[in-house]
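Heads up: the structure comes next, in structure tokens.
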Amino acid sequence: MQLYVARQPIFDRERNIVAYELLYRNPTTKTAEQIDGDHATSSVLMITSVLASFEELLNEKKAFVNFTKTLLCDNTVTLFSNNYLVIEILEDVSPDPLLLDNLKRLRQMGYTLALDDFTASYPYQEIVDLVDIVKVDFRLTSRKEQQEIINKYKREGLKFLAEKVETSDEFDIAMLMGYDYFQGYYFAKPTIFNYKDVSSTSYTCFRMLDVLSTATPSYEDLADIVEKDVAMTYKLFKYANSPIYGGRMQLTSVRDALVRLGFKNIHNWIYLIILRSISYGQSSDLVSVSLQRAKMLEELALEFKTPKKRSEFFITGLFSLIDILTNKPLEEAVENLSLSSEIKNAIVSKEGTLGKSLELIIAYESGNWVEFEAICKQLKLRVNSVIQNYFQSLDWAKNTLLYMD
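The C-terminal residue of the sequence shown carries number 404 in numbering that gives the first Met the number 0, and the numbering is unbroken.
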């Protein structure tokens, strides 16, 4: 299955492209028809963070992305850089103390806030006071209203964007009224890009990662998220019941399944799901090698007496073949992953202990015994222990692959 995202340019008064709005498109009809706002936004975010090339989609410009109230309040936004993301607040989002506090916090963190589909009847002044850009819908407002909006709300730092501008006359009028930015069919219809689907559970993955990133994650919060996603619940029970986790004892709830895995393994499992989605249609052998590298590196973290870094080692191995799985140059493929710079540098440049450990595995896989033994010596690892680790990881990868889907 393919996932579609449309890109529509946003222009300034000199007709320079300053940003793009990224729009969800139904994979069947390739139209803006949506089944759920949260799912639509999370699909777009997954593309921009995992699958797509930023150069292809954004050309070093900013991305306007619609956010529902749920996503604005659950910290999903903070998983993405304020360097390229403009947060579009949907017109039907109603304010409450939690939302307003989150919007204030996002502004303090450097995010740009835009208010979508604005009309003269918009009721929430407290939200208007917090945004940087007001997008005025030229299909839903009269000429009089379009001017009145600027006259009423104009303040220092607030920009006005005329959206759905479809004729040269509308553009000229918007210019005379004092609009700063322009978007619509007059300039360009949305360009549709398609990518391999990241699975229907992308939104669930994001929310779970968000919970796990907190200082005190809870199984109850994670269970509440998983239970709303039938596909994710099925994957969880299948995985938690696998022999990897001694799956003979019957599970009676989603929480039980999560507890059986533990926070660290839940984190790794989510990345396994993402990898499986990215590698759809690829040889299972490639996925198996990725899994084996992940497990082997995770065990090396224990050899180095750095158990708190096990997840970093695991993820480094898991995405070490991302260039082959996505058919992209390694540097480009890694850049589009929401990973730490340490992990990215380890995968691309083999920097640090992470990178050198990955080199060790590659040397063993290639039968380069001289380099393998030299790296073992450099990292102060026992050759026999690493070899034993290799074969144990092979067995783990084989079993894991059976229970991933």
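Cβ coordinates follow ideal geometry from the N, Cα and C atoms, glycine included. As the structure is a computational prediction, the values presented were derived from the model and not from experiment.
Asked                                                                                                                        : Found
First and last residue of the uninterrupted alpha helix (DSSP H) at E144                                                     : R142 to Y152
At least 3 beta-carbon pairs within less than 8 angstroms: the stretch 338–351 vs the stretch 308–319                        : yes
Alpha-carbon to alpha-carbon, L359 and K294                                                                                  : 14 angstroms
Beta-carbon proximity check, L416 vs L129, cutoff 8 angstroms                                                                : Not covered by the structure: residue 416. The range shown for the chain is 0 to 404.
Extent of the continuous alpha helix (DSSP H) to which D131 belongs                                                          : Element bounds for D131: n/a, residue is neither H nor E.
Under the three-state DSSP convention, the category F303 falls into                                                          : coil
Straight-line Cα distance separating S310 from S356                                                                          : 14 angstroms
Rounded separation between Q1 and L320 - CA only                                                                             : Note that Q1 has pLDDT 48, beneath the 50 cutoff, so the model's placement of it is unreliable and no number is given.
Length of the line joining the Cα atoms of L99 and K68                                                                       : 11 angstroms
Neighbourhood of T28 by C-beta distance below 7 angstroms, restricted to the same chain and skipping five residues each side : Because T28 sits at a pLDDT of 41, beneath the cut-off of 50, its placement in the model cannot be relied upon, and the point is left open.
Terminal residues of the alpha helix (DSSP H) in which L324 lies                                                             : I321 to T325
Simplified DSSP state of A332, which is helix, strand or coil                                                                : helix
Reduced DSSP secondary structure (H/G/I, E/B, other) of V385                                                                 : helix
Cα-Cα separation between K304 and L378, rounded to whole angstroms                                                           : 12 angstroms
Three-state secondary structure (DSSP) of P8                                                                                 : strand
Residue from Y363, A161, L271 and V288 with nearest C-alpha to Y185                                                          : A161
Alpha helix (DSSP H) segments (min. 4 residues) lying fully within the stretch 83–131                                        : 96–107 and 124–127
Assigned secondary structure, E350 (DSSP; H/G/I helix, E/B strand, else coil)                                                : coil
Counterpart residues of F181 in DSSP-defined beta bridges                                                                    : F10 and A161
Reduced DSSP secondary structure (H/G/I, E/B, other) of L274                                                                 : helix
K237 versus F262: straight-line alpha-carbon distance, rounded                                                               : 17 angstroms
Residue span of the beta strand (DSSP E) that contains K61, given as start and end                                           : K61 to F66
Euclidean distance between Cα positions of L105 and E125                                                                     : 15 angstroms
Terminal residues of the alpha helix (DSSP H) in which R259 lies                                                             : V253 to L260
Given L299 as reference, the closest of I88, Q387, Y218 and Y110 once Cα atoms are compared                                  : Q387
C-beta atoms of V92 and F117 nearer than 8 angstroms                                                                         : no
Element boundaries [alpha helix (DSSP H), containing L380]                                                                   : Taken as a continuous stretch (DSSP letters only), L380 belongs to no alpha helix (DSSP H), as it is neither H nor E.
Supposed contact pair L274 and V286 - C-beta distance, whole angstroms, cut 8 angstroms                                      : 7 angstroms
Beta-bridge pairing of I16 - partner residues as DSSP gives them                                                             : F10
Cβ neighbour criterion (16 or more within 10 Å) applied to T251                                                              : exposed
Enclosing alpha helix (DSSP H) for G366 [first to last residue]                                                              : Unbroken run through G366: none, as it is neither H nor E.
First through last residue of the alpha helix (DSSP H) which encompasses R309                                                : R309 to L317
Between the CA atoms of Y389 and E269 - distance to the nearest angstrom                                                     : Position check: residue 269 holds Ile in this sequence, whereas Glu was assumed. Each residue's alpha carbon lies about 23 angstroms from the other.
Inter-residue spacing [alpha-carbon to alpha-carbon] between V85 and Y110                                                    : 7 angstroms
Contact between the stretch 69–77 and the stretch 205–222 (3+ Cβ pairs under 8 angstroms)                                    : yes
Beta-carbon proximity of V17 to Y178, cut-off 8 angstroms                                                                    : no
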